[in-house]
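In the numbering used here, the protein residues as written are 383 to 549.
Note that beta-carbon positions come from the ideal geometry of N, C-alpha and C, so glycine has one too.
Below is one structure, written out as C-alpha cells, with a few remarks after it.
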Amino acid sequence: MSLYKAWTDMVVDYVRTKGEAAFWNEYGAVEKSIYSKILAKHGTEIKGNINSLSTEFEVSSIFFMGFLDGVNESLVETIDLEKVEEDTDISLNIDYEKLYFNMLDAKADYLYNLPQWDAIFSLEKRKEIHTKWKDSKTVVNTNKIGRNEPCPCGSGKKYKKCCGKTA
Numbered sequence: 383m384s385l386y387k388a389w390t391d392m393v394v395d396y397v398r399t400k401g402e403a404a405f406w407n408e409y410g411a412v413e414k415s416i417y418s419k420i421l422a423k424h425g426t427e428i429k430g431n432i433n434s435l436s437t438e439f440e441v442s443s444i445f446f447m448g449f450l451d452g453v454n455e456s457l458v459e460t461i462d463l464e465k466v467e468e469d470t471d472i473s474l475n476i477d478y479e480k481l482y483f484n485m486l487d488a489k490a491d492y493l494y495n496l497p498q499w500d501a502i503f504s505l506e507k508r509k510e511i512h513t514k515w516k517d518s519k520t521v522v523n524t525n526k527i528g529r530n531e532p533c534p535c536g537s538g539k540k541y542k543k544c545c546g547k548t549a
C-alpha cells in the first residue's frame, strides 16, 4: 500500500472514530509545528527521504505524508504523491508567495498568522497577496440579463417576474 493511501485511509478512519474536529485539532498542531520550522529556515533546502524528514520534523511518516499532501500545490515542482514511499527521496522547493496565498485560501489562520512570516514577507507584501487572494474570489457577471429575457434559472418566466423580482 502506498504511503499516500495509508494517509487517506488513516484520515477516514480517524474521522469516523474520533470525529472531524479531533482530527483537525491533532493534524493542525502537527502542521503548525512543521510550518513553523520550515518558515524559520526558509532559505535552507529541504530534502531527504520521507523517513529522515519525518524524523527531522518530529512527526510520523503518515502525518508527514499529510503535510506533503497539503504543501504539494505550493511547490515549484509538484510531487506525484501516489508514488511516494518512506524511502523516497524528495526535495521541497517551496514557492512561499503561493504557499501564503494557499493558506489564505484554506482559511488556515493558524498558519498564515505564524510569526515566522515576518522574516519572509513584509506586512505590505502580505497585504498585497491577501488582496490578490480576495480578487481571485470576486466573481463578476459579464452577461447582463435583460428584464424581458427568459430567467436563467430555467423557470420559463421572464427575468423580471422571477429571479429579477428581488434585484
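Going by alpha carbons, who is nearest to residue i out of the options?
i    : options                   : result
K465 : C535, N431 and S537       : N431
S456 : L474, S442 and E440       : L474
V458 : M447, F445, F446 and I472 : I472
T437 : K419, G528 and L505       : K419
D477 : F503, E468 and D469       : F503
G410 : A422, K429, T399 and L496 : L496
M447 : Y541, A501 and D469       : D469
D487 : E506, A501, E467 and I511 : I511
S415 : V522, C533, L493 and E402 : L493
K542 : L505, D391 and E531       : E531
T513 : E479, G538, G528 and T524 : E479
A490 : K429, P534, D462 and Y417 : Y417
Helix, strand or coil for residue i, going by three-state DSSP, please let me know.
i    : result
D471 : strand
G538 : coil
L496 : coil
G430 : strand
Can you pull the DSSP bridge partners for residue i?
i    : result
I476 : L457
Roughly how many whole angstroms lie between the Cα atoms of residue i and residue j?
i    : j    : result
V453 : T520 : 24 Å
N433 : S384 : 14 Å
K526 : W515 : 25 Å
K387 : W499 : 32 Å
S443 : D451 : 12 Å
G546 : F483 : 35 Å
D391 : R508 : 35 Å
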